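So my numbering is basically just the index in the sequence shown, starting at one, shifted up by 25.
C-beta atoms are modelled at their ideal positions from N, C-alpha and C, and glycine is treated no differently.
The model shown is predicted, which means the values in this text are computed figures rather than measured ones.
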Amino acid sequence: MQARRDTELSALQNEILEAVAKGIPFASVANTLCERAEALAPGANCTITAIDSEGLIHPVAGPSLPVSYGEAIDGVPIGPEVGSCGTSAFFGTPVEVTDIATDPRWSNFKSVALPLGLKACWSSPIKSPDGRVVGTFAFYYRECRGPSDLERQLVDTCVHLCSIAMERDEVNRRMHHLAYHDQLTGLYNRYAFDERIARKMAAPPQSFGLLLLDIDNMKLVNDTMGHSVGDSMICEVGRRLAAVGETISVYRLGGDEFAVICPACNQKEALSGLAERLLRQMDHPFECDGNSIMLQITIGGVLSNMDGTSADALRQNADLALYHAKQTARGDYIHFEPGLRTSIQCRTEQIALLDKALDEDRVFAHFQPVICIRRARIVGVEALARIRAEDGRIISAGAFAQGLTDSKNAFRLTSRMLDQIASSMRAWMDEGLELRHVAVNLSTVDFQRGNLEQRLRAPFEAYGVPLQHLQIEVTENVLMDQDVANQVARLRECGMQVALDDFGTGFASLSHLKDFPLDYIKVDKSFVDNLLTDIACGAIVESLIDVAKKMQIGIIAEGIESAEQAARLLEIGCPLGQGFYYFRPVDGDTIAELLRASDCTTAKRPALTRALRHSA
């Protein structure tokens, strides 16, 4: 009998721990645990509650009791005479009540339990690792009795499992909050903004409004009053923006830049009206440390129906409107109109933007992890250029891509990126953080200017980083030049890896692969986007993977944005990938944190946890 019970308890434990490891929400885990416990203890009705930081009871699971019972006890404070669960949580010890009708601890609650035929209740506290009571596990009986020895053994196991599950759930919730919220203001952060915009753009067409805004004179406040006052001012602006309420979502994107998404603003007039209300929120001064500070913001806005191409294009249009507002109407609002953008103007502005940023040492590298899809491990990174604007905003490469059409800018940017890459790689190596490679994009200009090998060698040798860690990425169009192909072959002989970037967007075909000196092929995002819906696209990717394997060339899929894409790529044999499903580009310190937190190899972000589950 005991052997069979041990086997049943072991099976229960394995099932619950597996569910916890998979990241299944605690409410679902708790419901399963109650159902399994009831099956092992006939005659018992199981419930699990959570106790919040204010000592209030919240039902989590109770599959055999009516919803009305949970509603009756939800939000009740724990105490010395609050039934079995509230009393158990209050004292932190098990409470056995063999007769609800007569026990004084149930005097205020028996009117809820007795009509349901509940006559006895045994509740045990669930404690966190630091000893806090975080919940209760209870058996209700429909006869006046206490628990049997077998039930005591079962409950000991269940309470332990609940403690593990609730701890993991709390950790997951904290991680989720940290991932999606700005630590200074408590508002949603850039990651949450990018995800929200991407979701809205992918949803059925429905116009919405986007506002980008900056705090004016932020640098002056920091320089004259100190960064602590500046931080307080940022928090105050965020609070005032959020106070507008309505149906808006407010995000702090970094520095003094905020974004506001308004689903209800589907007309220019509505969005302009919202911007006006946000401006008026800054009318009264902000008092801080004896300083009276006049707040002022500048806003640029756009409607999603003004641009049907991508989330990046929408953001760029809002950025352009904000830029023009800062140049011509500080402290006011400008709405994006197509006339704001001309190709010549855009190119000129971006060339000047990049040139000035390079002069002022405001160009730096962000890194997007490359993931082993099967094992959900970070194996490398791709370096991507970013500009820190004069006002502190981070500008992604898409906003200054045309600045690279100037050969001087392109040449200087590569040199800057190589130095940052080598420096970051050295720092990671010094900590024992292992990566196979760090990739950098090279353009036609880099090959045309000459002395490329020495330019690549110099920073890596200066920092003592082996060249085998450097992966150069070139597009199909660049490699079609025979002189470039010859240079690439020589770089491989020096130990560098070579990746063919954006495969499928240029002139190359599978037949050309034999002519290219390659270590990796990067499948363009356009193929990954259509992998699940376009049979021909899927066939091309499968063929490419098959050919690459036979030629001993690695494959990296770009632009993975969903678990389904990752699972399909793994199914057809693609070993490596990168994209927003895993990580957006982050700075070098964050890469180091990710590697340290994941024991140098396994990423712990929720997306990678999901990826690991899909690839198991």
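Bridge partners - residue i, DSSP secondary structure assignment
{"i": "Phe-125", "result": "What sits at residue 125 in the sequence shown is Ile, not Phe. Its beta-bridge partners do not exist; DSSP assigns none."}
{"i": "Cys-146", "result": "Val-122 and Tyr-165"}
{"i": "Pro-84", "result": "Thr-74"}
{"i": "Gly-104", "result": "Answer is none; Gly-104 lacks a bridge partner."}
{"i": "Gly-602", "result": "Ile-396 and Ala-582"}
{"i": "Lys-152", "result": "Val-158"}
{"i": "Asn-284", "result": "The residue asked about is misnamed: residue 284 is Ala in this sequence, not Asn. Note: Ala-284 sits in a beta bridge opposite Leu-237 and Tyr-276."}
{"i": "Ser-317", "result": "Glu-312"}
{"i": "Ala-69", "result": "Tyr-166"}
{"i": "Val-327", "result": "Leu-235"}
{"i": "Ile-322", "result": "Ile-240"}
{"i": "Tyr-213", "result": "His-206 and Tyr-276"}
{"i": "Lys-547", "result": "Ile-581"}
{"i": "Ala-41", "result": "The question names Ala, but residue 41 is Ile in the sequence shown. Per DSSP, none; premise fails for Ile-41."}
{"i": "Ile-616", "result": "Partner(s): none; Ile-616 has no beta bridge."}
{"i": "Ile-420", "result": "Ile-412"}
{"i": "Val-6", "result": "With the chain covering only 26 through 641, there is no way to say anything about residue 6."}
Environment of residue i [buried if 16+ CB atoms lie within 10 Å]
{"i": "Ala-64", "result": "exposed"}
{"i": "Ala-641", "result": "Legend: pLDDT at Ala-641 = 30, less than 50; position of this residue unreliable, no value from coordinates given."}
{"i": "Glu-96", "result": "exposed"}
{"i": "Ala-227", "result": "exposed"}
{"i": "Ala-21", "result": "Only positions 26 to 641 of the chain appear in this structure, which leaves residue 21 out of reach."}
{"i": "Leu-186", "result": "buried"}
{"i": "Asp-194", "result": "buried"}
{"i": "Val-262", "result": "buried"}
{"i": "Ala-230", "result": "This sequence places Pro at residue 230; Ala is not what is there. Classification for Pro-230: exposed."}
{"i": "Ser-53", "result": "exposed"}
{"i": "Gly-255", "result": "buried"}
{"i": "Ser-93", "result": "exposed"}
{"i": "Gln-375", "result": "buried"}
{"i": "His-252", "result": "exposed"}
{"i": "Met-140", "result": "The sequence given here has Pro at residue 140, not Met. Under this definition Pro-140 is an exposed residue."}
{"i": "Met-521", "result": "buried"}
{"i": "Ala-66", "result": "buried"}
{"i": "Arg-411", "result": "buried"}
{"i": "Thr-118", "result": "exposed"}
{"i": "Ser-173", "result": "exposed"}
{"i": "Lys-574", "result": "exposed"}
{"i": "Thr-16", "result": "Shown here, the chain extends from 26 to 641; a query on residue 16 therefore has no answer."}
{"i": "Gln-493", "result": "exposed"}
{"i": "Glu-294", "result": "exposed"}
{"i": "Leu-58", "result": "buried"}
Cβ distance (whole Å) where residue i is taken to contact residue j below 8 Å
{"i": "Ile-398", "j": "Cys-599", "result": "7 Å"}
{"i": "Glu-498", "j": "Ala-464", "result": "5 Å"}
{"i": "Leu-339", "j": "Ile-324", "result": "Not really, about 16 Å apart at Cβ, beyond 8 Å."}
{"i": "Ala-86", "j": "Ala-55", "result": "4 Å"}
{"i": "Ala-346", "j": "Val-327", "result": "6 Å"}
{"i": "Phe-389", "j": "Val-406", "result": "14 Å between Cβ atoms; not a contact."}
{"i": "Glu-589", "j": "Leu-620", "result": "At roughly 27 Å, the Cβ-Cβ gap does not stay under 8 Å, so Glu-589 and Leu-620 are not in contact."}
{"i": "Thr-182", "j": "Ile-259", "result": "The pair is not a contact, with the Cβ atoms about 49 Å apart (cut-off 8 Å)."}
{"i": "Pro-394", "j": "Phe-608", "result": "5 Å"}
{"i": "Asp-544", "j": "Gly-579", "result": "6 Å"}
{"i": "Ala-524", "j": "Lys-539", "result": "So it is not a contact: roughly 17 Å between Cβ atoms."}
{"i": "Leu-379", "j": "Asn-434", "result": "5 Å"}
{"i": "Glu-586", "j": "Tyr-606", "result": "5 Å"}
{"i": "Ser-132", "j": "Glu-106", "result": "7 Å"}
{"i": "Val-503", "j": "Ser-468", "result": "7 Å"}
{"i": "Ile-240", "j": "Val-45", "result": "Ile-240 to Val-45, Cβ: 43 Å. No contact."}
{"i": "Ser-232", "j": "Ser-329", "result": "5 Å"}
Interface flag, residue i vs chain D, CB-CB below 7 Å
{"i": "Leu-477", "result": "Of the protein chains in this structure there is only one, and it is not chain D."}
Practice item. Could you name each continuous beta strand (DSSP E) segment of 3 residues or more that falls completely within the segment 463-532, going from the start of the chain to the end? Key: 495-500 and 522-528
Practice item. Starting from the N-terminal side, write out each stretch of the beta strand (DSSP E) that is 3 residues or longer and does not extend beyond the segment 227-266. Key: 234-240
Practice item. Let me know the alpha helix (DSSP H) ranges lying completely inside the segment 341-418, each 4 residues or longer, listed in chain order. Key: 368-384
Check your understanding: For the segment 413-424 against the segment 432-449, are there 3 or more C-beta pairs whose distance is under 8 Å?
Key -> no
Review point. Should the segment 160-173 be called in touch with the segment 121-134, which here means at least 3 C-beta pairs below 8 Å?
Key: yes
Check your understanding: Mind pulling the alpha helix (DSSP H) runs of 4 or more residues that sit fully within the segment 549-593?
Key -> 550-554 and 560-575
Point to revise | Three or more C-beta pairs below 8 Å linking the segment 471-491 and the segment 377-384 | key: no
Point to revise | Validate contact between the segment 311-325 and the segment 272-280 using beta carbons, cut 8 Å, 3 pairs | key: no
Check your understanding: Counting Cβ pairs, one atom from each stretch, are 3 or more of them under 8 Å apart for the segment 226-246 and the segment 293-303?
Key -> yes
Review point. With a cut-off of 8 Å, do at least 3 Cβ pairs link the segment 145-158 to the segment 105-113?
Key: yes
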